[in-house]
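To get my numbering, take the position in the sequence shown, counting from 1, and add 37. Ideal placement from N, C-alpha and C gives every residue a C-beta, glycine not left out. Note that the structure is a prediction, hence the values are computed from the model and not measured. Shown next, in C-alpha cells, is the structure this report addresses.
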Amino acid sequence: MSPYWVMMGLIFFLTPIICWLFSRNHAESRVPLKRSFAEVWEKKYYLHVAGYLAIFIWKKVTDGLNEPIKTSTGHYTDWVHGLEGELVFWVQNTFHNVVFTDILNFHYLFIYLFLIYVTTIYYMYTGERDLTDKVTLNYLLIYALAVPYYLFFNVEVTSSYIPGMEALLYEDPWYGYFYGSHDPLDNCVPSLHIAIPFGILALNWLHVREQGISIKEWKHRRYHQFIFWNTVLFAFAILYLGIHWIIDIPLGIFVGGIGALFIHHVQPRLRNDFGATFKGFTKGKTGQHAV
Numbered sequence: 038m039s040p041y042w043v044m045m046g047l048i049f050f051l052t053p054i055i056c057w058l059f060s061r062n063h064a065e066s067r068v069p070l071k072r073s074f075a076e077v078w079e080k081k082y083y084l085h086v087a088g089y090l091a092i093f094i095w096k097k098v099t100d101g102l103n104e105p106i107k108t109s110t111g112h113y114t115d116w117v118h119g120l121e122g123e124l125v126f127w128v129q130n131t132f133h134n135v136v137f138t139d140i141l142n143f144h145y146l147f148i149y150l151f152l153i154y155v156t157t158i159y160y161m162y163t164g165e166r167d168l169t170d171k172v173t174l175n176y177l178l179i180y181a182l183a184v185p186y187y188l189f190f191n192v193e194v195t196s197s198y199i200p201g202m203e204a205l206l207y208e209d210p211w212y213g214y215f216y217g218s219h220d221p222l223d224n225c226v227p228s229l230h231i232a233i234p235f236g237i238l239a240l241n242w243l244h245v246r247e248q249g250i251s252i253k254e255w256k257h258r259r260y261h262q263f264i265f266w267n268t269v270l271f272a273f274a275i276l277y278l279g280i281h282w283i284i285d286i287p288l289g290i291f292v293g294g295i296g297a298l299f300i301h302h303v304q305p306r307l308r309n310d311f312g313a314t315f316k317g318f319t320k321g322k323t324g325q326h327a328v
C-alpha cells in the first residue's frame, strides 16, 4: 500500500473520531451534517481548500528551483554543525530502539500531515470560523516565510552530514522511496514540523486571550493539549530520526509565532469585521509586535 492510500485511510477513519472525541463537552457547537455544504458556501471555506492546493503546487515549484539555485548558494551545514556540534547524535544513540523508530517514522510523516488537515476540519465542524481562517492562513504564511530559507540557506539533514549518525527515517524502503522522490533532503531550516503546530498553539492562545479567558476555561482545551503533546513528540522525532538540527526547533517556533501574531491581527480585517484590511495598523503597533 502506498503512503497516499495510508493517508487517505487515516483521513476517512480518524477525522470523525477526532472531531467527535474533542467536541463531546460542547456538542451544541457542532455543525449538523446536513448543513455542511451550506456552511462551506456561506463562510467561503472553499477558499481554504484552494489555499491548501496552492501550497501543494507551491512546494513542487520550490523543489524544482532548489537544485539549480543550490549550485550558486552552496550549503551552510558546516555553520550549523560548528554551532551545535553533534548533540543530535547523542540523542539518537541514547534512545535508539527499533519499535520506537517505527512509531516515530509513522508519526513524523502521517500524523503531521493529518494534524494540518484535521485541525482545519475540526474548527469548521465546531463552528469556529475565525480559527478555521487563522490556521489556514497561518499555514500559507509559514510556508512563505520558510521558502527563502529553503532556497538560499540550504542545510543538509543530520544523518547525511554527521559521521556515524543513522538515517532512521530513510532506512525502511517504503519511507525511503517516498522521501527520496518528495524531499530534497537539505531543507532543514526551519522545521515546519515545529512551526506549523506551534503556530496553531500560538493562535489558540491569542484567541482565548482576546476572549478574556484562559486555556483551562476554553472549550477546545483538550484539542489544544492534543496539539501540544504532538508538537513535543515532533520535536523529539526530528532529532532522533536523523533529520533536523537542534537549531531548527527555535527557528520553527520563531517562524510559527511570527506567523500566528500577524494572522491573528489580519484575519478579522480580511473578513471585514474591522473595516479595511490594514485599518488600525500604526508604526508604533507594528514595531511592538515585531519585538
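Check, Outcome
"Span separating the alpha-carbon of Y41 from that of F50", "14 Å"
"6 Å CB neighbourhood of K256 in its chain, flanking five on each side removed", "H63"
"Residue from S66, T157, R258 and F189 whose Cα sits closest to the Cα of I48", "T157"
"S228 and H281 closer than 7 Å at C-beta", "yes"
"Neighbour-count burial assignment, N130, 16 or more Cβ in a 10 Å radius", "exposed"
"Distance between Q304 and F132 (C-alpha atoms, nearest Å)", "42 Å"
"Inter-stretch contact at 8 Å, needing at least 3 Cβ pairs: the segment 263-277 / the segment 180-188", "no"
"Alpha-carbon to alpha-carbon, I231 and I286", "6 Å"
"Cβ contact (3+ pairs, closer than 8 Å) linking the segment 111-127 and the segment 184-193", "yes"
"Closest by C-alpha distance to V135, when choosing among P185, Y176, E208 and K171", "E208"
"Spatial neighbours of V328 in its chain, beta-carbon cut-off 7 Å, leaving aside the 5 residues before and after", "Residue placement at V328 is flagged as unreliable, the pLDDT there being 49, under the threshold of 50; the coordinate-derived value follows with that caveat. Within the same chain, V328 has no close Cβ partners at all."
"Cα-Cα separation between M161 and T169, rounded to whole angstroms", "6 Å"
"DSSP bridge partner residues for N388 (one or two, in chain order)", "Given that the chain is displayed from residue 38 to residue 328, the structure contains no residue 388 and the question cannot be resolved."
"Pair within 7 Å by beta-carbon distance, T99 and L205", "no"
"Cβ neighbour criterion (16 or more within 10 Å) applied to V172", "buried"
"Same chain, Cβ closer than 7 Å to F235, five either side skipped, listed in chain order", "T268, G289, I290, G293 and G294"
"Simplified DSSP assignment, three categories, for V328", "At V328 the pLDDT is 49, less than 50, meaning the model places this residue with poor confidence; the figure from the coordinates comes in the next sentence. Coil, per DSSP."
"Helix, strand or coil at N241 [DSSP, three-state]", "helix"
"Residues bridged to N224 (per DSSP)", "V192"
"Cβ-based neighbour list, I153, same chain, cut-off 7 Å, excluding 5 preceding and 5 following", "Y176 and I233"
"Cβ distance (whole Å) where Y145 is taken to contact A274 below 8 Å", "5 Å"
"Y207, enclosing alpha helix (DSSP H) - first and last residue", "L205 to E208"
"For E121 and I284, believed in contact at Cβ under 8 Å, the rounded distance", "6 Å"
"P69, DSSP secondary structure in three states", "coil"
"Beta-carbon proximity of M202 to F126, cut-off 7 Å", "yes"
"F278 (DSSP reduced to helix, strand or coil)", "The identity of residue 278 in the sequence shown is Leu, whereas the question assumes Phe. DSSP places L278 in coil when its eight states are reduced to three."
"Assigned secondary structure, G164 (DSSP; H/G/I helix, E/B strand, else coil)", "coil"
"Nearest neighbour of L150, chosen from H118, N103 and I92 [CA to CA]", "I92"
"Sub-7 Å separation of Y212 and N103 beta-carbons", "no"
"R306 - containing alpha helix (DSSP H), residue span", "D285 to L307"
"Cut-off 6 Å between Cβ atoms - residues of its own chain near F189, not counting five sequence neighbours on either side", "T110"
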